[in-house]
Amino acid sequence: MKLTGCCLSAAPMNIADIKHGKPTDNLKTHLQQSIPTKLAEYKEVKHTRIFDTLKTRVTVPQAAAYYGVRIGQNGMCRCPFHSDKTPSMKINKTYFYCFGCHFTGDVIDFTARLFNLSPLDAARKLATDFGIDPNTPASAAVALPRIRQEESLREREGHCASVLIEYERLLKNRQQRFAPVHPSEEWNDRLVSASHALPQVSYMIGCLYDADSVIRKDTADSLLCDDTLRSIERWNAAHKEEVDAHDEALAA
Numbered sequence: 082m083k084l085t086g087c088c089l090s091a092a093p094m095n096i097a098d099i100k101h102g103k104p105t106d107n108l109k110t111h112l113q114q115s116i117p118t119k120l121a122e123y124k125e126v127k128h129t130r131i132f133d134t135l136k137t138r139v140t141v142p143q144a145a146a147y148y149g150v151r152i153g154q155n156g157m158c159r160c161p162f163h164s165d166k167t168p169s170m171k172i173n174k175t176y177f178y179c180f181g182c183h184f185t186g187d188v189i190d191f192t193a194r195l196f197n198l199s200p201l202d203a204a205r206k207l208a209t210d211f212g213i214d215p216n217t218p219a220s221a222a223v224a225l226p227r228i229r230q231e232e233s234l235r236e237r238e239g240h241c242a243s244v245l246i247e248y249e250r251l252l253k254n255r256q257q258r259f260a261p262v263h264p265s266e267e268w269n270d271r272l273v274s275a276s277h278a279l280p281q282v283s284y285m286i287g288c289l290y291d292a293d294s295v296i297r298k299d300t301a302d303s304l305l306c307d308d309t310l311r312s313i314e315r316w317n318a319a320h321k322e323e324v325d326a327h328d329e330a331l332a333a
């Protein structure tokens with residue numbers, strides 16, 4: 082193995098001694114310190130390449146199905162990491178998320194947790210089970226079409242935005258219906274809760290349409306990771322009929 086990039090000039094040394102094959106104490110000390118560091122860096126880079134290769138070649142659904150997890154057409158399955166009576170895990174091509182135990186990650190995380198392995202051993206198992214040379218550069222692997230990945234992310238963000246936009250509409254309607262008629266009138270609790278919620282909801286809608294993809298993704302993640310979006314969807318469904326009836330009455 083050839084190690085490159087050692088900067089020997091960092092330690093003062095006797096050039097004449099080096100030419101005659103007599104390493105100085107400074108050179109010995111430097112080599113003793115630098116070689117382990119370079120070996121560690123080499124191993125880290127090699128492991129990173131293995132992870133990148135496996136994540137490019139094997140999708141989460143492929144690994145889950147291979148290891149016996151039954152996935153529905155909607156991408157939902159019973160979580161193998163906790164006692165799950167109904168499907169609570171969502172599996173996409175590049176990541177998974179359980180709405181029950183909140184465990185999430187990529188294909189290596191899935192395999193590591195399933196077999197109680199370290200990330201490196203999980204990558205090795207995937208390589209063995211799927212017949213992949215772990216030393217193959219990720220750039221040489223068959224990558225998932227970028228367009229499909231971006232479409233999937235945008236669909237996810239779009240769904241979050243549509244739920245929040247409906248939520249915002251219902252909250253504004255609640256503000257109008259329960260606004261005090263006279264200044265001396267006490268504020269209704271429903272008016273107070275709607276007024277508190279609206280600024281945050283409007284802000285998150287803006288984040289879901291931000292030009293920065295990281296902001297959009299992080300916002301969607303925050304809504305999906307702890308059942309927040311489902312709670313909002315349930316609230317919307319419970320109040321939509323009431324609000325629609327009010328809007329029709331005003332339009333009449």
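Going by this note's numbering, the sequence shown opens with residue 82, and the numbers climb by one from there. Idealized CB from N, CA, C, for every residue including glycine.
Neighbour-count burial assignment, V295, 16 or more Cβ in a 10 Å radius: So V295 ends up on the exposed side.
Should N155 be labelled buried (16 or more other beta-carbon atoms within 10 Å of its own) or exposed? exposed
For A203 and L135, what's the separation of their Cα atoms in angstroms? Straight-line Cα distance between these residues: approximately 10 angstroms.
Grab me the residues of Y148's own chain with a C-beta within less than 7 angstroms of its C-beta, minus the 5 sequence neighbours each way, in chain order. L195
Give the straight-line distance between the Cα atoms of G239 and A146, rounded to the nearest whole angstrom. 28 angstroms
So, V244 versus N197, is the Cβ gap smaller than 8 angstroms? no
Run the CB neighbour count on V324, radius 10 Å, all protein chains shown included, and call it buried at 16 or more, exposed below. buried
By a C-beta neighbour count over all protein chains shown, 10 Å radius and 16 as the cutoff for buried, is H183 buried or exposed? exposed
Report the rounded CA-to-CA distance for E322 versus L252, giving the unit in angstroms. 13 angstroms
So, for V139: in the same chain, excluding its five sequence neighbours on each side, which residues have a beta-carbon less than 8 angstroms away from its beta-carbon? V188, L207, F211, I213
Identify, in the order they occur along the chain, each residue of the same chain with its Cβ nearer than 7 angstroms to the Cβ of V150, setting aside the five sequence neighbours on each side. Taken in chain order, the residues that qualify are C158, P161.
Y290 in three-state terms, based on DSSP: coil
Any Cβ of chain B within less than 8 angstroms of the Cβ of F259? You won't find chain B in this structure, because it holds only one protein chain.
Cβ neighbours of E314 in the same chain (closer than 8 angstroms, five flanking residues each side left out): V244
Near R250, which residues of its chain fall below 6 angstroms by C-beta distance, leaving aside the five closest residues on each side in sequence? none
The beta strand (DSSP E) that contains I172, what's its start and end? 170 to 172
Quick check on the burial criterion: 16 or more other C-beta atoms within 10 angstroms. Buried or exposed for Y248? Flag for Y248 reads buried.
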